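Visitor: Taken in sequence, the protein lines are chains A and B.
No gaps in the numbering here: position 227 of the first sequence is 312 in my numbering, and each next residue is one more.
No gaps in the numbering here: position 132 of the second sequence is 217 in my numbering, and each next residue is one more.
There are 2 protein chains.
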Amino acid sequence: MSAQYNVCVIGLGSMGMGAAQSCINAGLNTWGVDINPQSCNALKQAGAKDAGHSAIPFAQQLDAVVLLVVNAAQVNAILFGEDALAPHLNPGTAVMVSSTISSADACQIAEKLAEYHLLMLDAPVSGGAIKAAAGEMTVMASGSVTAFEQLAPILDAVAGKVYRIGEAIGLGSTVKIVHQLLAGVHIAVAAEAMALAAKAGIPLDTMYDVVTHAAGNSWMFENRMQHVLDGDFSPKSAVDIFVKDLGLVSDTARSLKFPLPLASTALNMFTSASNAGFGREDDSAVIKIFSGITLPEKKQ
Amino acid sequence: MSAQYNVCVIGLGSMGMGAAQSCINAGLNTWGVDINPQSCNALKQAGAKDAGHSAIPFAQQLDAVVLLVVNAAQVNAILFGEDALAPHLNPGTAVMVSSTISSADACQIAEKLAEYHLLMLDAPVSGGAIKAAAGEMTVMASGSVTAFEQLAPILDAVAGKVYRIGEAIGLGSTVKIVHQLLAGVHIAVAAEAMALAAKAGIPLDTMYDVVTHAAGNSWMFENRMQHVLDGDFSPKSAVDIFVKDLGLVSDTARSLKFPLPLASTALNMFTSASNAGFGREDDSAVIKIFSGITLPEKKQ
Numbered sequence: 086m087s088a089q090y091n092v093c094v095i096g097l098g099s100m101g102m103g104a105a106q107s108c109i110n111a112g113l114n115t116w117g118v119d120i121n122p123q124s125c126n127a128l129k130q131a132g133a134k135d136a137g138h139s140a141i142p143f144a145q146q147l148d149a150v151v152l153l154v155v156n157a158a159q160v161n162a163i164l165f166g167e168d169a170l171a172p173h174l175n176p177g178t179a180v181m182v183s184s185t186i187s188s189a190d191a192c193q194i195a196e197k198l199a200e201y202h203l204l205m206l207d208a209p210v211s212g213g214a215i216k217a218a219a220g221e222m223t224v225m226a227s228g229s230v231t232a233f234e235q236l237a238p239i240l241d242a243v244a245g246k247v248y249r250i251g252e253a254i255g256l257g258s259t260v261k262i263v264h265q266l267l268a269g270v271h272i273a274v275a276a277e278a279m280a281l282a283a284k285a286g287i288p289l290d291t292m293y294d295v296v297t298h299a300a301g302n303s304w305m306f307e308n309r310m311q312h313v314l315d316g317d318f319s320p321k322s323a324v325d326i327f328v329k330d331l332g333l334v335s336d337t338a339r340s341l342k343f344p345l346p347l348a349s350t351a352l353n354m355f356t357s358a359s360n361a362g363f364g365r366e367d368d369s370a371v372i373k374i375f376s377g378i379t380l381p382e383k384k385q
Numbered sequence: 086m087s088a089q090y091n092v093c094v095i096g097l098g099s100m101g102m103g104a105a106q107s108c109i110n111a112g113l114n115t116w117g118v119d120i121n122p123q124s125c126n127a128l129k130q131a132g133a134k135d136a137g138h139s140a141i142p143f144a145q146q147l148d149a150v151v152l153l154v155v156n157a158a159q160v161n162a163i164l165f166g167e168d169a170l171a172p173h174l175n176p177g178t179a180v181m182v183s184s185t186i187s188s189a190d191a192c193q194i195a196e197k198l199a200e201y202h203l204l205m206l207d208a209p210v211s212g213g214a215i216k217a218a219a220g221e222m223t224v225m226a227s228g229s230v231t232a233f234e235q236l237a238p239i240l241d242a243v244a245g246k247v248y249r250i251g252e253a254i255g256l257g258s259t260v261k262i263v264h265q266l267l268a269g270v271h272i273a274v275a276a277e278a279m280a281l282a283a284k285a286g287i288p289l290d291t292m293y294d295v296v297t298h299a300a301g302n303s304w305m306f307e308n309r310m311q312h313v314l315d316g317d318f319s320p321k322s323a324v325d326i327f328v329k330d331l332g333l334v335s336d337t338a339r340s341l342k343f344p345l346p347l348a349s350t351a352l353n354m355f356t357s358a359s360n361a362g363f364g365r366e367d368d369s370a371v372i373k374i375f376s377g378i379t380l381p382e383k384k385q
């Protein structure tokens, strides 16, 4: 089946590019879409059938579409906006929405897709660029059995692990959002702890060494505080991504009338960092909201 | 040397008992002190020279004392209070203070010990009861070269890893306090995330599975949320321990005039849990501050 399976990945950022390359590596006929021509060229050189700024020219050939754009507004614009893709897709085509979006947006998108008889999988991803390129993303997905079946070749190609949360659209998004709550707070508290250590005169490399060998460790502490030690705030994932994602966490909790003492504080910290001009720096730059400390300088 | 090395461990809780047993296993002549006669009997059966409610009867024989009591007040009471131990120790005896205390308290204790010509190592520990019993605690220590040398047989016996933070008393305590900042916030945010997932209708075992295989994981999430899944809030480490430890974090930051947006919120969460009657339950019971959710019941 996979030799004749036709998929288009829309959004060739770090995750989308990795996913598209993994589809190519798995032998799927793969198309790419991005507004950046350089990304399109890179994917064509990697073996894509074609790549450009719109999927409409090859929409009729597709079995599936994977969306890895930034947010729900972009998903909606691509599928249903000006030059909408949805009307050009064959009925029964499966749309895997892998952007981090709210549960409410996921439900709304599924309803609109259904009007065109298109299937949706609510399928956010995690793992970062390296895992995406290796075809080992974590996918947390909800949707119909049919949607899972139709997207199986893609899930096999891009995912190291697929969590089937349930059939209801929105569950996948919610799991991703709860995950982002943890990820965001872990980065912010890592920054808070290292800032306090700096203020107290503890050598930061020692502090890092202790924490990463003890019960206070987190995946994010270990990964992001290395950037602080290196004085390297070039964005692997930017502050503004967590302004967005913790905003989705906040929206989700508000719609459930549920309090979030820590996540709301962390959102405020990332928002402060963005407001201070660090929005496009690495998310570990949230440590720069703390005054009166000296951080390691980047080695030349 | 170790065959004739004489040490007394004061405070035979989960960490102290493990440390004392590790000293026995390493061939040190080991005494124990606790107000609980059952703990004393257990240590005697494990091979201690003797154990009782005071170290004064054998103080003259000791090369070193290890303190693993709950807080600075207990350390001060034992060393300098009624029936003070300090005046009974030979000059030059080394005192390893391994309770979690503030940097200010550590400095004050060191000064008072110096009046009796006693050496101090500011040596908080981490790792939990299992690592303590295995002689594999993490020790984060500061003190003079002489203090480190004199306590070397004990450090060899009880520690898997010893971090030498520096010579100044207070640095060891501060590193431990920054570590507890992370540990406490990680437990509280784990609870917040799982509570939100419960409210949103996500199966908690699925949520746990996703997080523990993704970038949102922390050591504390993985360890403590298993207690929530099991519905088992019997205390491995109690809510009130983090009321105390995050209180020390708060004291430390205030003395440095440094803000702690997340740790102050987490302290408030543990304090709320204690105030609601959960102070002696497992620290994962901080999740019980969230109303309107159904948590897993304990399997009979």
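For glycine and all other residues, C-beta sits at the position ideal for the given N, C-alpha and C.
Quick caveat: nothing in here was measured; it's all calculated off a predicted structure.
What residues in the stretch 321-354 of chain A bring their beta carbon closer than 9 Å to a beta carbon of chain B?
Guide: Within the stretch 321-354 of chain A, the qualifying residues are V334, T337, A338, L341, K342, F343, P344, L345, P346, L347, A348, S349, T350, A351, N353, M354.
Visitor: Compute the beta-carbon to beta-carbon distance between P346/A and T350/B, rounded to the nearest angstrom, for a pair I have assumed lies under 8 Å.
Guide: That pair is a contact at about 5 Å.
Visitor: Going by the beta-carbon positions, is the gap between M42/A and A149/A smaller than 9 Å?
Guide: Past the edges of chain A, shown from 86 to 385, lies residue 42/A, and the structure says nothing about it.
Visitor: Consult DSSP for L174/B and reduce its assignment to one of helix, strand or coil.
Guide: Coil at L174/B, not helix or strand.
Visitor: Excluding the 5 residues preceding and the 5 following A218/B in the sequence, name in chain order all residues of the same chain whose CB lies nearer than 8 Å to its CB.
Guide: Taken in chain order, the residues that qualify are M102, G103, Q106, S107.
Visitor: Let me check understanding here. Comparing Cα to Cα, which of H271/A, G177/A, G166/A, L152/A lies closest to V210/A?
Guide: Checking every option, the nearest Cα to that of V210/A belongs to L152/A.
Visitor: Under 7 Å Cβ-Cβ, which residues of chain B neighbour M305/A?
Guide: Correct list: A300.
Visitor: Excluding five sequence neighbours on each side, which residues of the same chain lie with their C-beta closer than 6 Å to the C-beta of S124/B?
Guide: Result list for S124/B: L97, in chain order.
Visitor: Given a cut-off of 9 Å on the beta-carbon distance, is the pair G286/A and P381/A in contact?
Guide: Result no, Cβ atoms of G286/A and P381/A do not sit closer than 9 Å.
Visitor: Quick one, are the C-beta atoms of A240/B and V260/B less than 9 Å apart?
Guide: Before going on, a small fix: residue 240/B reads as Leu here, not Ala. Cβ atoms of L240/B and V260/B: not closer than 9 Å.
Visitor: Can you tell me the Cα-Cα spacing of M86/A and V334/B, whole angstroms?
Guide: Low per-residue confidence applies at M86/A: pLDDT is 43, beneath 50, and the placement is therefore not dependable, though the value from the model is reported in the following sentence. Near 59 Å, if we compare the C-alpha coordinates of V334/B and M86/A.
Visitor: Based on Cα-Cα distance, which residue from L352/B, F318/B, I374/B, S376/B lies nearest to D367/B?
Guide: For the residues L352/B, F318/B, I374/B, S376/B, the minimum Cα distance to D367/B belongs to F318/B.
Visitor: For K197/B, name the three-state secondary structure that DSSP assigns.
Guide: The answer is helix: DSSP assigns K197/B an H, G or I state.
Visitor: With T379/B and A283/B assumed to form a contact (beta carbons below 8 Å), what rounded beta-carbon distance in angstroms separates them?
Guide: At roughly 7 Å, the Cβ-Cβ gap stays under 8 Å, so T379/B and A283/B are in contact.
Visitor: Tell me, please, whether the stretch 227-239 of chain A touches the stretch 298-308 of chain A by the rule of three or more beta-carbon pairs shorter than 8 Å.
Guide: No, they do not touch.
Visitor: Hey, M279/A and M310/A are a contact pair by Cβ (cut 8 Å); roughly how many whole angstroms apart?
Guide: The pair is a contact, with the Cβ atoms about 6 Å apart (cut-off 8 Å).
Visitor: Three-state secondary structure (DSSP) at S124/A?
Guide: Here S124/A sits in helix by DSSP.
Visitor: Does chain B have any CB closer than 9 Å to the CB of D294/A?
Guide: D294/A counts as touching chain B.
Visitor: Just to confirm my understanding: we take S340/B, look at its own chain, exclude 5 residues before and 5 after, and list those with CB closer than 7 Å. What are they?
Guide: Counting only Cβ-Cβ distances below 7 Å, and skipping sequence neighbours, we find A189.
Visitor: From the beta carbon of M225/A, is the nearest beta carbon of chain B less than 9 Å away?
Guide: M225/A counts as touching chain B.
Visitor: Output the distance between the C-alpha atoms of A115/B and F375/B, rounded to the nearest integer angstrom.
Guide: Here residue 115/B is Thr; the residue named in the question, Ala, does not match the sequence. Cα to Cα, T115/B sits roughly 46 Å from F375/B.
Visitor: Which bits of chain B does A162/A rub up against, with CB to CB less than 9 Å?
Guide: Residues of chain B passing the Cβ test: none, with the nearest at roughly 27 Å.
Visitor: In whole angstroms, what separates the C-alpha of L113/A from that of V270/A?
Guide: Each residue's alpha carbon lies about 38 Å from the other.
Visitor: Below 9 Å between beta carbons is the criterion; list the residues of the stretch 198-220 of chain A that meet it against any residue of chain B, in chain order.
Guide: Within the stretch 198-220 of chain A, the qualifying residues are S211, G212, G213.
Visitor: Please report the straight-line C-alpha distance between P142/B and A361/B, rounded to a whole angstrom.
Guide: Whole-angstrom Cα-Cα distance: 43 Å.
Visitor: If you run the structure through DSSP and keep just helix, strand and coil, what is Y293/A?
Guide: Helix.
Visitor: In the stretch 128-188 of chain A, which residue ranges form an unbroken beta strand (DSSP E) of at least 3 residues, counting only runs that do not cross its ends?
Guide: For the stretch 128-188 of chain A, whole beta strand (DSSP E) runs of length 3 or above, ordered along the chain, are 135-137, 149-152, 179-182.
Visitor: Does any CB atom of chain B fall closer than 9 Å to the CB of T291/A?
Guide: Yes, T291/A lies at the interface with chain B (some Cβ there is under 9 Å from its Cβ).
Visitor: Does chain B have any CB closer than 9 Å to the CB of I250/A?
Guide: Output row for I250/A: interface = yes.
Visitor: Using only the alpha-carbon positions, how far apart do K129/A and I326/A sit?
Guide: Answer to the nearest angstrom: the Cα atoms are 28 Å apart.
Visitor: If you count every other CB in all the chains shown that lies within 10 Å of the CB of E167/A, and 16 or more means buried, which is it?
Guide: The residue in question, E167/A, is exposed, as its Cβ has fewer than 16 Cβ neighbours within 10 Å.
Visitor: Assign H312/A to one of two classes, buried (16 or more other C-beta atoms within 10 Å of its C-beta) or exposed (fewer than that).
Guide: That one is buried.
Visitor: Kindly indicate the opening and closing residues of the alpha helix (DSSP H) around D368/B.
Guide: No alpha helix (DSSP H) holds D368/B; DSSP gives it neither H nor E.
Visitor: Hey, A140/B and I95/B are a contact pair by Cβ (cut 8 Å); roughly how many whole angstroms apart?
Guide: Contact flag correct, Cβ pair sits at about 6 Å.
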